[in-house]
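J.: Residue numbers (this note's numbering), protein chains in the order written: chain C, 10 to 370; chain W, -12 to 484; chain G, 305 to 612; chain V, 47 to 384.
This is the structure, below, for whatever I ask next.
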Amino acid sequence: MQNTTTKKSKNIMNMFSGKQILIPIAALLLLAVFNLIADPSFYKISMDVNSAGNHVLSGYLITILDYGSELAILAIGMTLVTAASGGQDISVGAGIAIAGSVILRVLCGTNSRPDKLQAPIIVAFLVACVVSMLFGAFNGILVAGFKIQPMVATLILYTAGRSIAAWINNNELPVVSDPTFAYFGGFIPGIPIPTPFFIAVACMIVIALAMKFTNLRLYTQAVGINEHSSRLNGLNPAFIKFLSFVILGLCVAVAGLIKVSRISSINYSVIAKDIEMDAILAVALGGNSLSGGKFNMTASILGAYVIQFLTTTLYKFNVKSDAISAYKAVVVIILVVISAPVVREKFASFTKKMQAKKEVA
Amino acid sequence: MKNIYKSFPGVKALQAVDFTLCEGEIHALMGENGAGKSTLIKVLTGVYEKDGGDIFLKEHEGAVAIRSPQDAQNLGISTVYQEITLCPNLSVAENMYIGRGKGIGQNWKKMNADADKILKSLDIPAKATQQLSSCSIAIQQMVAIARAVDMDCKVLILDEPTSSLDEQEVEKLFGLMRDLRSRGVGIIFVTHFLDQVYEVCDKITVLRDGKLVGEYEIKDLPRVKLVAKMLGKELDDEADIKDESLVYEADESIPPVVEVEGLQSNAGIKPFDFNIRKGEVNGFTGLLGSGRSECVRAIFGADRVTGGTVKKSGKVVKINKPLDAMKQGIAYLPEDRKRDGIVGDLSVRDNIILAAQVLRGFFKPFSKAQANKFADEYIKLLEIKTASADTPIKSLSGGNQQKVILARWLLTHPEYLILDEPTRGIDIGTKVEIQKLVLKLASEGMSVTFISSETDEMLRTCSRLIVMRDRKKVGELSGEELSQSSIMDTIAGGDKE
Amino acid sequence: GGSKETADGAKSDSGDGLIKVGIINNDPNESGYRTANDKDLKATFTKENGYDASFAYSLKNDEQITSAQKFIQDGVDYLLLSAADTAGWDSVLKDAQDAGTQVILFDRTIDADESLYAASIVSDMEKEGETAANWLKDQKLPEYNIIHIQGVMGSAAQKGRSGALADTAKSEGWNIVTEQTAEWNAEKAQQIVQSVIDSGQAFNVIYAENDDMAKGAVAALDKANISHGVGKDVIVMGFDCNKWALEELLNQNWNYDGQCNPYQASYIEDVIKKLESGEKIDEKTIIMDEKGFDATTITQDDVDQFGI
Amino acid sequence: MKSKKKRNISDTNLLLTITIVVFFAMYIGAMIFQGGGFLKTQTFFNILNANAALLITSCGLSLVMITGGIDISVGGVVALVSMSCGVYLDYMGGNVAMSILIALGIGLAFGLVQGFLVAYLDIQPFIVTLAGMFFARGMTTIVHTDPFNVQNKAFVALKDTRVIVPGMGSVNRIGKYVDAYVEIGVIVALLIVVLMFVMLRWSKLGRAFYAVGGNKQSALMLGINVKRTRFLAQLFSGVLAGIAGYVYFLHVGSGSASHATGMEMNAIASSIIGGTLLTGGVGNIIGTFFGVLSLSTIQNIVSSAGLDQAWWTGITIAAMLCLFLVIQSIVMARKNRG
Ligand SMILES: Nc1ncnc2c1ncn2[C@@H]1O[C@H](COP(=O)(O)OP(=O)(O)OP(=O)(O)O)[C@@H](O)[C@H]1O
Ligand SMILES: Nc1ncnc2c1ncn2[C@@H]1O[C@H](COP(=O)(O)OP(=O)(O)OP(=O)(O)O)[C@@H](O)[C@H]1O
Ligand SMILES: [Mg+2]
Ligand SMILES: [Mg+2]
């Protein structure tokens, strides 16, 4: 009898220590419970009518889903880059500035405040995708071809990106007045859920399909774990790394579209500021190793929402926005300490001892 | 050591193991792959924390606590681990002296001079100031041994130190061990070479499946019995294999499967010719560093080819990278398992299907069921000891890792299989099985190139041997010419002329 | 600086008779204001006008200091400076003085002794703030619930514009619903307002310290269907007079925009001319002429003339 | 024979050579083509003055990178130190000696906590120090929001102390001879460079850092206390960031939340330009020294090149950085092949 119960508890323990996805889930639960205790109205969701006369949902939870989208999308690409190259891309913020700038350039032409769009939005977006993928390819070539370490290779674009973005639009600040452009960062008429969340979900579905119907996961992991061995098994490690940067480029373009759509304009020096750090943090909060190899995509995406959950919570409590980072740091440290294998092992052996004592007594 | 317990998730690596080492003896620790030998050593030297049991040392009252390799070193236990554990980015001398001695300063002149002296006395062809990563595995292994031997120790532990050494070096090592024994040092020696055990050891302890089988005086335990103890069953004699190998008749009329002319790679081998016929088993032999591996790496496209042609079934094919070779039905099991073979964090299953998967293509992943089927099939076929197919390969014992890599290549159903030291670090039972497997595959029509540092093994399996010296092909032996002495003659040929 | 140094400075002019100026500015892609400011300077300090101008851009104070020191070593005659931070310039200005380089501050004041620079041509941010606060007072709302979105903390613009609002709010008993810095960043402003909306607190004024942040705030309002502008639920206030912002005023979507005049180049040139000819500068600090625009009175002419 | 010779020069030394050669090429190029200030020695000393703090943090970063870690909290720590010391000196009427202790204390605290988390709890250093950076930046604004000049007399005197470099002066614009000078911070930084160099090159601890960076598992089995070594690396980096914070504070004489933004990236880049590998085990402090000089010379050249559009600044700096890294990479690849 007793044996079975201890076995069961051991199984649960094992499950807990084995599955890395439980790390971000536990983090979300922690934040959720905290908010529930502090102020249950946090969970209020209401259905309102928006300026276009459509029903939309609103509330803190919706805000989290809405504003966490860009980060979730970036987390997808960042996870792949991390897994394949064992390093991180710090140029995604600058990349978003470029993508946004390209979109506006195509939409507005040379006139920074056009009365009507110069090109369909889809064309602008596709052009941005191509440009972003080219910049991703540039990073990829430096990392895979020239074997420059990712963080430094991408430092180049990090330094130049916002300047390039300004250059693309000749330092004008275009404003799009067409209301359809605002759909991507707001609501599509008739749908009460924010569009960015839909876009994020679409990205997740695409990546999930890619992982199911291709060998993206196996190849990326193999290359990230052991490059030599992967080569001898017929893989081309350089190409896989390159590919991961190109995919991240695509993610950057999508995030860029959402960002510029949110305010129908751009500010080159502050758009998506410091988002690279949050994207990396999302990967890490998902329990993935930042030195490459195995990864769990779902966990990374959840990690992104953990960060947004935290940010929204802090805004709710009216923490000064330039001090938010200090609180964020404390929560992040608590989370990683709890999920650290060493700590969990210690904890497990401690509970074991306690149990043993109880049994003796 | 008394009553040692150690388990990993899913594996009970050691259960109630006792081990006693006396002063001035060489004590062999034997067992199959995955029996727990390395684990026992790692527990003894503080790399792993033990789950239960005690360690006693002479001169110390009661059990001693060894929590880190540093503690072990301080207690006079010096160790050469199975996987070479040196820092590739440091110089040879630094690798020999780091982590030893007190104080904060380091006298570099003296250290380099001392190191050079030791290297010289052991005939190791390396310089003290050379960066370790520029040395071959064998030399790295020797450096590790030199480091351990140089320490003023009471206990010396050698975990498969001979796996990448050739005979002369092994002899040198034995000389050293005997010398230390006469000075009262106790030595634990792990190896899969039975000859070596009988050559130097005084006592044998046998482990099986993490449990102690027993401790024996060397004279009480003849070879056959030892093998039986290790495997838990009688082993067919090795001699059997030889008969099977004779099945293959060198038939000149069969056209070669793979034919190589004047092949040359950037790794520095001289142009060489080579061919292999369907169903043939041949091999490369030569001294350490004579360029055996480099030849086959060139055929597989693992090194950059700089000249020569490769013909597959009579047609010239271009092999620039491993994938080209794989597409031609060539498979290569590399010699450096840790660096070139395993993908450490991936599961056994993924490691098995990797090459076949790559051949199949990016857009056609195996289904889960298929992958599981393949994994289970080969785990059974090769008797791979693993908790499950989901276990990361890095937590398997060395020998079982090797089997997984072998399984990986068998799954691609190659026409031509290159095995570079496939039996390195593999226990006697498995070794025999692998040799049998090779011959069986050959009889089914696969061509196999087999490279091994053990001439016996080569003689048993191969019908033709290519002899290498100084990265040059110096001869080819087949049929009647195949014997220990003729090989030696050809290898030494240059000196005699 | 005295006239003696000026005479020396004139002597050491390079052979081609051009006046060497080193201009240190913030990165023009920071905002529309800055873009206009940079364009204005570039158009004025040209070879045709008799200047050999070098530009250095950075949003970081320490990089600006490094550039300033380089310009001093390069031997420029005039150093024009729009500092990223108000603090930390003492020793550079002393170096400049030792080397006989005249320093003219533009756009932003710094925290240094008056004797260390020749002139300062700046906006009076306090006054901008006061004008805006007074305008808000004149609206005579039944109650004031204000969301106050600040710029980068400690910048001259933030200090001036925040100070005036805080004073008036105190004396008038206005309720500040939230006071957060969005660091001139529209996205952050949007999140701040979004958070207030989610919390369900009532507000009827958004006081954003520049147009970008006001735009971000309005994006959040639009999303939640809160009407804004003339005669609507929420009053929107911004600063800088970007053309697009003034157009919002013209369309009555926003209510107020405070001007911050970026066209300082002509004033600077005047000062340099005076110094070159050895005249005395009567007023060290020149304050730019600025006004505030009300959506109910703004005209298309205003947009064309004052929009940047 | 030839190949043997090539093999003898270690990765570390090769990278170092590349950096030094490229730096001198660049500086001499600037002297020839740009002339102006580059012909004056003070320009070089100004580069040192402006980058003393960066030099110190880069030393710390090189150390952690050699052990296979990273520390991106340094910029934040620098800002926190200057703000805290400023507030202490001006708003709390403190004295200079105590403010130095505060700086060291802050650095030590960050080093201890981050070191503990990284080494003993085995949490990824990037995350630990990213949180450290967030924390430091946030704390800085909590300590005080607005930037301010520090007025404390003793401090200002210390800040304005100039160490004359004899015989290096030059004639300035108005025909006056001015002695070349460096600030106190530069002396501190150079001292740290020398100490760190000696420590890494000749002490046992120094070699242990390399061993741990080369292969953690092996280092453990070679009898090195890996945890303690990693802890010390992170600790040193923290303390050096504290010292750098004070040096920075001495250079600018003010406290501000925006101080040293992006310094961590510059420090990482400098270390890498100087031949330190992020993957650990390879690096050299002299290289780091030249890395800092190279990076700041690039910035100096670009910012005074008189570019006609602002965006060229960022783009040109990046392009030069790119060129530098590519050259480095090609030379390394050549060596490994040959
Ligand atoms: N780090 C680890 N994690 C999980 N399991 C492990 C680990 N190390 C060893 N094991 C398991 O413990 C068992 C004993 O392994 P060990 O390496 O001691 O075998 P061995 O006798 O040295 O074999 P070999 O002759 O192949 O070297 C094996 O089943 C192996 O899978
Ligand atoms: N990375 C390297 N740097 C320098 N020399 C190397 C390197 N790798 C191999 N060598 C040298 O190349 C020569 C041939 O090595 P190779 O591995 O082909 O020999 P081998 O005959 O297979 O011997 P074994 O497999 O028993 O070590 C050796 O002299 C070795 O020292
Ligand atoms: Mg073993
Ligand atoms: Mg070999």
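Cβ atoms here follow ideal geometry from the backbone N, Cα and C, with glycine treated the same way.
Please report the residue range of the alpha helix (DSSP H) in which Gly464/G lies.
T.: Translated into positions along the third sequence, residue 464/G becomes position 160. Ala460 to Glu476 is the span of the alpha helix (DSSP H), which, as asked, contains Gly464/G.
J.: Please find out if some non-hydrogen atom of ligand 1 comes closer than 6 Å to the beta-carbon of Ala394/W.
T.: What you label residue 394/W is simply residue 407 of the second sequence in a count that begins at 1. Checking the Cβ of Ala394/W against ligand 1 gives no.
J.: Over the uninterrupted beta strand (DSSP E) stretch that includes Leu16/W, give me the two end residues.
T.: For the purposes of this step, residue 16/W is identified with residue 29 of the second sequence, where counting begins at 1. Residues Ile13 to Met17.
J.: Hey, quick one: how far does the alpha helix (DSSP H) through Ser141/C stretch, first residue to last?
T.: Stepping through the first sequence from its first residue, residue 141/C is reached at position 132. Unbroken alpha helix (DSSP H) run through Ser141/C: Ile130 to Gly149.
J.: Once you ignore the five residues that flank Ile173/C on each side, which residues in its own chain have a CB closer than 6 Å to its CB?
T.: Indexing the first sequence from 1 puts residue 173/C at position 164. Correct list, in chain order: Ile107.
J.: Is there at least one Cβ from chain V nearer than 7 Å to Ser316/G's Cβ?
T.: Sequence index remark: in the third sequence, residue 316/G carries index 12 (1-based). With a pLDDT of 43 at Ser316/G, under the threshold of 50, the modelled position of that residue is not reliable, and no figure is offered here.
J.: Give the straight-line distance between the Cα atoms of Glu231/W and Ser439/W, rounded to the nearest whole angstrom.
T.: Against the second sequence, residue 231/W aligns to sequence position 244. Against the second sequence, residue 439/W aligns to sequence position 452. Confidence at Glu231/W is low in this model, with a pLDDT of 49, below 50, so the placement of that residue is unreliable and no value is reported for it.
J.: If I'm right that Leu294/C touches Ile310/C with Cβ under 8 Å, what's the distance once you round it to whole angstroms?
T.: On the first sequence, position 285 is the one that residue 294/C refers to. On the first sequence, position 301 is the one that residue 310/C refers to. Actually they do not touch by this definition, with Cβ atoms about 11 Å apart.
J.: Cβ atoms of Ile249/C and Tyr228/C: under 7 Å apart, would you say?
T.: Here residue 228/C refers to the residue found at position 219 when the first sequence is read from its first residue. Here residue 249/C refers to the residue found at position 240 when the first sequence is read from its first residue. For Tyr228/C and Ile249/C, yes; Cβs fall inside 7 Å.
J.: What are the residues of the segment 341 to 375 of chain G that lie near chain V, defined by any Cβ-Cβ distance shorter than 9 Å?
T.: From the segment 341 to 375 of chain G, only Asp342, Lys346, Asp356, Ala357, Ser358, Phe359, Ala360, Tyr361, Ser362, Leu363, Lys364, Asn365, Asp366, Glu367, Ile369, Thr370, Ser371, Gln373, Lys374 and Phe375 have a Cβ closer than 9 Å to chain V.
J.: By the DSSP assignment, the alpha helix (DSSP H) with Ile480/G in it spans what residues?
T.: Numbered from 1 along the third sequence, position 176 holds the residue referred to as residue 480/G. Ile480/G -> not in any alpha helix (DSSP H); beta strand (DSSP E) instead, spanning Asn479 to Thr485.
J.: Sorry if obvious, but does the Cβ on Phe70/V come closer than 6 Å to a heavy atom of ligand 1?
T.: Numbered from its first residue, the fourth sequence carries residue 70/V at position 24. No - ligand 1 has no heavy atom lying nearer than 6 Å to the Cβ of Phe70/V.
J.: Using the rule of at least 16 other Cβ atoms within 10 Å of the residue's Cβ for burial, across every protein chain shown, is Arg291/W buried or exposed?
T.: The residue given as residue 291/W occupies position 304 in the second sequence. By the 10 Å Cβ count, Arg291/W comes out exposed.
J.: List, in order along the chain, the chain W residues whose C-beta lies closer than 9 Å to that of Ile238/V?
T.: Start at 1 with the first residue of the fourth sequence, and residue 238/V comes out as number 192. In chain order: nothing, as chain W lies at least about 18 Å away.
J.: Below 8 Å on the Cβ atoms is my guess for Ala125/V versus His297/V; work out the distance and round it to an integer in Å.
T.: Taking the first residue of the fourth sequence as position 1, residue 125/V is located at position 79. Taking the first residue of the fourth sequence as position 1, residue 297/V is located at position 251. About 13 Å; that fails the 8 Å criterion.
J.: Could you spell out where the beta strand (DSSP E) holding Val4/W opens and where it closes?
T.: Against the second sequence, residue 4/W aligns to sequence position 17. Element bounds for Val4/W: Val(-2) to Val4.
J.: Under 7 Å between C-beta atoms, does Leu429/G make it to chain V?
T.: Translated into positions along the third sequence, residue 429/G becomes position 125. Rather than Leu, the amino acid found at residue 429/G in this sequence is Met. Chain V, which has no Cβ nearer than 7 Å to the Cβ of Met429/G, makes this no.
J.: Taking the alpha carbon of Val184/W as the point to measure from, which residue in Leu145/W, Glu402/W, Lys198/W and Asp196/W has its own alpha carbon closest?
T.: Residue mapping note: residue 184/W aligns to position 197 of the second sequence, counting from 1. The shortest Cα separation from Val184/W among Leu145/W, Glu402/W, Lys198/W and Asp196/W belongs to Leu145/W.
J.: Secondary structure at Ala108/V, three-state DSSP: helix, strand or coil?
T.: For the purposes of this step, residue 108/V is identified with residue 62 of the fourth sequence, where counting begins at 1. First, the amino acid is wrong: residue 108/V is Ser here, not Ala. It is helical.
J.: Quick check: what's the CA-CA separation for Gly77/C versus Ala437/G?
T.: Taking the first residue of the first sequence as position 1, residue 77/C is located at position 68. Taking the first residue of the third sequence as position 1, residue 437/G is located at position 133. Their Cα atoms are separated by approximately 36 Å.
J.: Short check: CB of Ser264/V to CB of Leu109/W, under 7 Å?
T.: Residue 264/V sits at position 218 when you count from the first residue of the fourth sequence. Residue 109/W sits at position 122 when you count from the first residue of the second sequence. Their beta carbons are not under 7 Å apart, which means Ser264/V does not touch Leu109/W by this criterion.
J.: So is Gly243/C in contact with chain W if we call contact Cβ pairs under 7 Å?
T.: Taking the first residue of the first sequence as position 1, residue 243/C is located at position 234. It does: the Cβ of Gly243/C has a partner Cβ on chain W nearer than 7 Å.
J.: Checking contacts by CB at 7 Å: is Tyr324/C closer than that to chain G?
T.: For this step, residue 324/C is matched to residue 315 along the first sequence. So yes, Tyr324/C belongs to the interface.
J.: Report yes if the C-beta distance between Asp415/G and Ala387/G is below 7 Å; otherwise report no.
T.: Locating residue 415/G in the third sequence gives position 111, counting from the first residue. Locating residue 387/G in the third sequence gives position 83, counting from the first residue. In this structure, Ala387/G does not lie closer than 7 Å to Asp415/G by Cβ.
J.: Please state whether the Cβ-Cβ distance between Asp57/C and Asn529/G is less than 7 Å.
T.: Position 48 of the first sequence holds residue 57/C. Position 225 of the third sequence holds residue 529/G. Yes, they are a contact pair.
J.: May I have all residues whose beta carbon comes closer than 5 Å to any heavy atom of ligand 1, sorted in chain order?
T.: Having a Cβ closer than 5 Å to some heavy atom of ligand 1 are Phe(-5)/W, Val(-2)/W, Ala0/W, Asn20/W, Gly21/W, Ala22/W, Gly23/W, Lys24/W, Ser25/W, Thr26/W, Ser382/W, Leu383/W, Ser384/W, Gly385/W and Gly386/W.
J.: In chain V, which residues lie less than 8 Å from Trp95/W when you measure between Cβ atoms?
T.: Mapped onto the second sequence, residue 95/W falls at position 108. Within 8 Å Cβ-Cβ: Trp248.
J.: Between which two residues does the beta strand (DSSP E) holding Asn387/W run?
T.: Against the second sequence, residue 387/W aligns to sequence position 400. Here Asn387/W belongs to no beta strand (DSSP E); instead the alpha helix (DSSP H) covers Gly385 to Leu398.
J.: In the structure shown, what three-state DSSP assignment does Thr187/V receive?
T.: In the fourth sequence, counting from the first residue as 1, residue 187/V sits at position 141. In the structure shown, Thr187/V sits in a helix (DSSP, three-state: H, G or I).
J.: Mind checking Asn307/W: buried by the 16 CB within 10 Å criterion, or exposed?
T.: Numbered from 1 along the second sequence, position 320 holds the residue referred to as residue 307/W. By the neighbour-count rule (16 or more Cβ atoms within 10 Å), Asn307/W is not buried but exposed.
J.: Any beta carbon of chain C sitting closer than 7 Å to that of Glu587/G?
T.: Locating residue 587/G in the third sequence gives position 283, where the first residue counts as 1. Not closer than 7 Å to any Cβ of chain C, the Cβ of Glu587/G fails to qualify, so no.
J.: Taking the Cβ atom as the reference point for each residue, do Val340/C and Leu319/C lie within a distance shorter than 7 Å?
T.: Translated into the one-based positions of the first sequence, residue 340/C becomes position 331. Translated into the one-based positions of the first sequence, residue 319/C becomes position 310. It is a contact, given that the beta carbons lie within the stated cut-off.
J.: Between which residues of its own chain and Gly201/W is the CB-CB distance below 8 Å, once the five residues before and five after are set aside?
T.: For this step, residue 201/W is matched to residue 214 along the second sequence. Excluding positions up to five away in sequence, the list reads Thr192, Val193 and Lys216.
J.: Using the DSSP secondary-structure output, state which residues sit across from Gly596/G in a beta bridge.
T.: The residue given as residue 596/G occupies position 292 in the third sequence. DSSP, once it has assigned bridges, lists Gly562/G as partnering Gly596/G.
J.: Would the beta-carbon of Val177/W fall within 7 Å of that of Glu147/W?
T.: On the second sequence, position 190 is the one that residue 177/W refers to. On the second sequence, position 160 is the one that residue 147/W refers to. Result yes, Cβ atoms of Val177/W and Glu147/W sit closer than 7 Å.
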